[in-house]
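A quick write-up on the structure given underneath.
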Amino acid sequence: MAIAEYGNVSSEFKLEAFSMRHTFESAQPLTFYADYNPKFNSLSYGAGKLFMRLESKEYGSEAVLRVYGKKSRVYSSEAHKRLRLDDDMKKIYKKIAKDSHVSEAIARYYGMRLTLNDPWETTLCFIISQFNNVKRIRLIVSNIVERFGSVVYSDNKLTVKSFPTSEELKNATDSELRALGTGFRSKYITSAAAFCTDSIDLYKLSPNNYDKLKSKLMEIDGVGEKVADCIALMGYGNLEAFPTDVWIKRTMEKLYFDGKKVKPRDIHEFAKDYWGPYAGYAQQYLFHNARTYREDKQKVEKGKKAVRQQA
DNA sequence: ACCCAGGCGGGCG
DNA sequence: CGCCCGCATGGG
């Protein structure tokens, strides 16, 4: 879909170090249900009650991001917040590129931003992420949006739905959720939806106190330390958080612990000491690199092989 | 057929 | 506390 078909340009951002593609291919909550189109470098999604449409043109290290929509101020501030456009990437890169591991990942995925997502959306996405893979997480999350979200835009070619609130989900039945592929996580979803509607206000938690935020989040059923770190990082923008999943654990052991098996606590300690307040950005670059670099190399090899066979 | 995926809660020592 | 296990589902 060419985004420009759906309304006039609301605002434009001229940016340094911004890559729509790397941001939206790096497995963050928005990317689990936003409709990203690599051909036009554009995307649409239901941001609360808004139909968000974005398009980015990138030339070298410079980008022009266009936001479409009539209520200019609302749309542009939403995009600005969600894509963390205030982040000073040059400064952040300087702080985290302390070795070739991180600096090579930055070179490969230059301009990739962390995104700032709605806290409840982030909670649900990462409850679903446990013991799962990214492709299936995307499928399940988009199934949930399709089944329980409400329509924010519709015409004869396109319908866009919003991410359901905890209230909209708390009465979902177990079999309804399992039918969407959630599996054993279904009980966590209904339990978390009820808890976040009735017993805790995610929108009133302070994002700045890392330890306190994390322990509050871990009161939610289905949220352990790793998921709490993901929510702190991508739902609250706490850049100290360092989610330690299987990819990061393997990568960290290989790169910084001489191949030895270590506990997540050791990794957290190292990350805090080494990257400090921007550990979360280092994590996102190492994570995306670990997940995709082998894959990219395989594609390149496959392409070369096809060319050889043609010749 | 077997292994793995952005882990968690519960049970046991 | 720390460790170990089962857990649904689909793709490589």
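The numbering of the first sequence is the numbering used here, which starts it at 1 and goes up by one. Note that the Cβ used here is the ideal one computed from N, Cα and C, for glycine as well.
**Request:** Check whether the Cβ atoms of Lys98 and Tyr285 lie closer than 8 angstroms to each other.
**Result:** no
**Limits of the unbroken beta strand (DSSP E) element including Tyr36** = 35-37
**Message:** Restricting to Cα atoms, I'd like to know which of Lys212, Phe24, Met252 is closest to His238.
**Reply:** Just to set this straight, residue 238 is Asn in the shown sequence, not His. Nearest of Lys212, Phe24, Met252 to Asn238, Cα basis: Lys212.
**Local conformation of Gly46 per DSSP, three classes** = strand
**Request:** Return the first residue and the last residue of the beta strand (DSSP E) that Lys226 is part of.
**Result:** No beta strand (DSSP E) holds Lys226; the alpha helix (DSSP H) holding it covers 225-234.
**Prompt:** To the nearest angstrom, how far is it from the Cα of Val307 to the Cα of Tyr293?
**Reply:** Model confidence at Val307 stands at a pLDDT of 47, short of 50, so the residue's coordinates are unreliable; what they give is reported in the following sentence. Each residue's alpha carbon lies about 21 angstroms from the other.
**Message:** Here's the rule: buried if 16 or more other CB atoms are within 10 angstroms of the residue's CB, otherwise exposed. What is Asn8?
**Reply:** exposed
**Asked** Looking at the structure shown, is Leu327 part of a helix, part of a strand, or coil, going by DSSP?
**Response** The shown model of the chain, from 1 to 311, leaves out residue 327, and the question about it has no answer.
**Request:** Please specify which runs of the alpha helix (DSSP H), each continuous and at least 4 residues long, are wholly inside the segment 132-202, giving them in chain order.
**Result:** 134-148, 166-169, 174-179, 186-198
**Item:** Buried or exposed by the 16-neighbour rule on C-beta atoms within 10 Å, applied to Glu16
**Value:** exposed
**Asked** Whose C-alpha, out of Thr23, Val134, Lys216, Pro277, is nearest the C-alpha of Arg113?
**Response** Thr23
**Item:** Local conformation of Leu15 per DSSP, three classes
**Value:** strand
**Message:** Quick check on Gly60: buried or exposed, where buried means 16 or more other Cβ atoms within 10 Å of its Cβ?
**Reply:** exposed
**Message:** Taking DSSP's pairing of strands, which residues face Glu58 in a bridge?
**Reply:** Ala63
**Message:** Run through the DSSP bridge pairs and tell me what Arg21 is partnered with.
**Reply:** Paired residue(s): none; Arg21 is not in a bridge.
**Message:** Can you check which of these residues, Tyr93, Lys49, Asp155, is closest to Phe18 by C-alpha distance?
**Reply:** Tyr93
**Inter-residue Cα distance where the pair is Arg147 and Glu176** = Computed Cα separation, rounded: 9 angstroms.
**Prompt:** So the alpha helix (DSSP H) Tyr210 belongs to, where does it begin and stop?
**Reply:** 210-217
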